[in-house]
Amino acid sequence: MLPLLMACVADAWLGRYRTIVLASLLFVVSMGMLTVSALPAFHHDGCSSYASSSLACSPSPAQVGVFYVSLYLVALAEAGHKPCAQAFGADQFDQNDPKESVSRSSFFNWWYFGMCSGTAVTTMVSSYIQDNVGWGLGFGIPCLVMVFALLMFLLGTRNYRYYTSTESSPFARLARAFIALIKGSKSSQSDGTLASDDDAGHREEVKGVLRLFPIWATCIIYAVIFSQSSTFFTKQAATLDRRIGPTLRVPPAALQTFISVTIMVFIPVYDRAFVPLARRLTRLSSGITMLQRIGTGLVLALVAMVVAALVEMRRLGVARDAGLVDQPKAALPMSLWWMVPQYVLFGLSDVFAMIGLQEFFYDQVPDALRSLGLALFLSIFGVGHLFSSFIISAIDGATKKSGASWFSNNLNRAHLDYFYWLLAGLCAVELAAFVIVSRVYVYKKRVSHDNNDAVM
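So the sequence shown is numbered by UniProt numbering: it starts at 1 and just counts up by one.
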């Protein structure tokens with residue numbers, strides 16, 4: 001939820017460009033502190049990397065302090081960087097120019113492609129370096145990469161488009177819009193007088209912001225489903241036969257790369273093949289509308305949970321048939337490839353829903369609040385993760401009373417299949433609500449503003 005606060009700061013005071021620069025500098029400082037905290041000089045005197053006693057090499061108070069402070073700074077930097085960088089990138093396209101408007105829609109596709117490919121490469125390289133060389137170098141390389149990225153960003157300073165609002169503060173404008181909405185409602189009820197054009201414009205603006213919240217609310221279960229791929233899916237994979245060939249054993253968490261690979265494969269297909277084909281049928285420059293794209297992603301998420309439930313039912317059946325129910329650490333005679341389809345479906349769902357939500361919350365907020373719009377998108381997943389924890393805690397507490405928890409530490413005696421069926425049912429309800437809300441949603445009209453672009 002921290003991106004909401006940082007987006008407010010960016011939109012009201014600093015601006016997106018300055019926020020990106022400051023957040024990048026904070027990233028460099030925090031990653032530098034993480035690097036320093038991992039250096040041998042911070043260890044206790046006499047601590048050797050070959051020491052057999054864990055107590056002898058326990059971190060010093062200074063090392064622990066620097067480590068935790070740097071983590072908080074990383075979180076703060078990410079909260080400022082995430083919504084502003086994407087919004088600033090999309091700002092470089094003129095929404096009133098037909099060609100640039102189409103390119104802006106593609107921008108969100110390729111932005112997410114870059115995020116996923118960068119994450120995949122970083123995960124592989126950093127994990128190898130941290131495990132085989134050292135944590136200091138593992139933290140130091142991202143720090144240097146961030147320095148290089150910041151320098152490259154600064155090189156384009158004179159060529160960027162900068163949004164300049166005519167209002168001293170977009171939040172003051174939004175507050176006046178709420179007041180105008182209430183005032184207009186009261187005046188129309190009392191004496192039927194007509195409000196001024198400015199008040200009418202303010203009322204329409206605040207109505208446009210309020211219209212976003214039903215869409216926001218009907219995507220929370222999608223965020224709950226999204227969180228399962230890095231938690232229970234990984235635990236399930238740990239119980240399967242993960243051998244490939246005579247020697248290679250796949251780590252359970254590595255199966256998540258199928259999501260990234262699916263995204264990296266399908267985004268070019270979507271952007272270069274699906275959109276042109278859909279454009280011929282719908283006459284829309286984007287192929288399909290943003291809400292249609294999000295809805296398609298929700299359908300795929302529903303299918304993914306149904307597949308996950310069926311696979312888990314088979315896994316439990318294999319455990320019973322093999323007599324391994326009470327041996328949770330034993331590898332079941334069931335290949336890891338059984339879980340690949342649900343990961344692939346998650347990746348396909350992301351291509352539609354995740355990118356669609358990013359574009360929707362950027363495009364449909366007032367121009368001066370676009371960082372806040374993308375922060376609202378990020379808040380869906382923050383709230384979704386919290387709601388997921390609440391659901392799991394509530395179900396675990398209720399099912400423990402009967403002596404058969406759905407989330408037993410022994411997954412062979414748990415019932416994740418029931419949980420997945422529950423999520424599939426909730427997703428179906430959410431999808432129905434989303435369709436109803438989408439049918440009555442009115443997209444924001446694009447109005448040309450001569451003073452929206454300025455060059456520093």
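Using N, Cα and C, we set each Cβ at its ideal position, and we do this for glycine too.
Kindly indicate which residue of V145, I215, V250 and Y222 has the alpha-carbon position closest to the one of V340.
-> Nearest of V145, I215, V250 and Y222 to V340, Cα basis: V250.
Could you check if W338 is buried or exposed, using at least 16 other CB atoms within 10 Å of its CB as the buried criterion?
-> Buried is the call here.
Measuring alpha carbon to alpha carbon, tell me which of F381, T157 and P142 ends up nearest V121.
-> It is P142.
Any idea if E100 is buried or exposed, counting beta-carbon neighbours within 10 angstroms, 16 or more meaning buried?
-> By the neighbour-count definition (other C-beta atoms within 10 Å, threshold 16), E100 is an exposed residue.
If you run the structure through DSSP and keep just helix, strand and coil, what is L248?
-> Strand at L248.
Can you list, in chain order, the stretches of the alpha helix (DSSP H) that have 4 or more residues and sit fully within the segment 355 to 429?
-> Counting only runs of 4 or more, we get 355 to 363 and 370 to 400.
For P328, which three-state DSSP category applies?
-> Assignment of P328 by DSSP, reduced to helix, strand and coil, places it in the coil class.
CA-CA distance, G118 and S126?
-> A direct Cα-Cα distance of roughly 12 Å separates G118 from S126.
Give the DSSP-derived three-state secondary structure of Y162 in the structure shown.
-> For Y162, the three-state secondary structure derived from DSSP is strand.
Distance between V64 and V9 (C-alpha atoms, nearest Å) | Separation of V9 and V64 (C-alpha to C-alpha, rounded to the nearest whole angstrom) is 30 Å.
Rounded separation between V209 and K444 - CA only = A straight-line Cα-Cα distance of about 10 Å links V209 and K444.
Cβ pair F407, D396 closer than 8 Å = Going by C-beta atoms, F407 is nearer than 8 Å to D396.
Report the rounded CA-to-CA distance for A433 versus R104, giving the unit in angstroms.
-> Going by the C-alpha atoms only, they are around 29 Å apart.
Out of L34, M6 and V36, point me to the one whose CA is closest to A23's CA.
-> If you compare the alpha carbons of L34, M6 and V36 with that of A23, the shortest gap goes to M6.
Measure the alpha-carbon distance for N132 versus L144 and round it to whole angstroms.
-> Whole-angstrom Cα-Cα distance: 20 Å.
Could you give the C-beta distance for I380 and L411, rounded to a whole number, given that I count them as a contact under 8 Å?
-> With 8 Å as the limit, I380 and L411 do not qualify as a contact, their Cβ atoms being about 29 Å apart.
Return yes when the Cβ of A75 is within less than 8 Å of the Cβ of L2, no when it is not.
-> The Cβ-Cβ distance between L2 and A75 falls below 8 Å.
Opening and closing residue of the alpha helix (DSSP H) in which S335 lies | In the DSSP assignment, S335 falls outside any alpha helix (DSSP H) and carries neither an H nor an E.
Return helix, strand or coil for R320, following the three-state DSSP convention.
-> Secondary structure at R320: helix, using DSSP grouped into helix, strand and coil.
What number of angstroms, rounded off, separates the C-alpha of S49 from the C-alpha of V261?
-> Here the model assigns S49 a pLDDT of 46, short of 50, so the residue's position is not dependable and the matter cannot be decided.
Residue nearest to V265 in terms of C-alpha spacing, selected from A87, F113 and D94 = Cα-wise, what sits closest to V265 is F113.
Can you have a look at S31 and say buried or exposed, based on whether 16 or more other CB atoms are within 10 angstroms of its CB?
-> Per the sequence shown, residue 31 should be read as Met rather than Ser. Buried.
For D417 versus M313, is the C-beta distance shorter than 8 Å?
-> Yes; because the gap between Cβ atoms is below 8 Å, this pair is in contact.
Going by DSSP, name the residue or residues bridged to F439.
-> The sequence shown places Arg at residue 439, not Phe. Beta-bridge pairing links R439 to no other residue.
Where Y343 falls, given that 16 or more other Cβ within 10 Å makes a residue buried = Looking at its Cβ environment, which holds 16 or more other Cβ atoms inside 10 Å, Y343 is buried.
Cβ-based burial, G287 [other Cβ within 10 Å; buried from 16] = Flag for G287 reads buried.
Closest residue to K235 among L255, I244 and R279 (Cα-Cα distance) = Residue L255 is the option with its Cα nearest to K235.
What three-state label does DSSP hand R243 in the structure shown?
-> Of the three classes helix, strand and coil, the one that applies to R243 here is strand, per DSSP.
Mind checking whether the beta-carbon of Y162 lies closer than 7 Å to any heavy atom of the ligand GDP?
-> Looking at this structure, you won't find the ligand GDP or any other ligand, since it has none at all.
Around the C-beta of F148, are 16 or more other C-beta atoms found within 10 angstroms, so that it is buried, or is it exposed?
-> Classification for F148: exposed.
Using DSSP with H/G/I as helix, E/B as strand and the rest coil, what is Y50?
-> Note that Y50 scores a pLDDT of 43, beneath 50, so its modelled location is shaky and nothing firm can be said.
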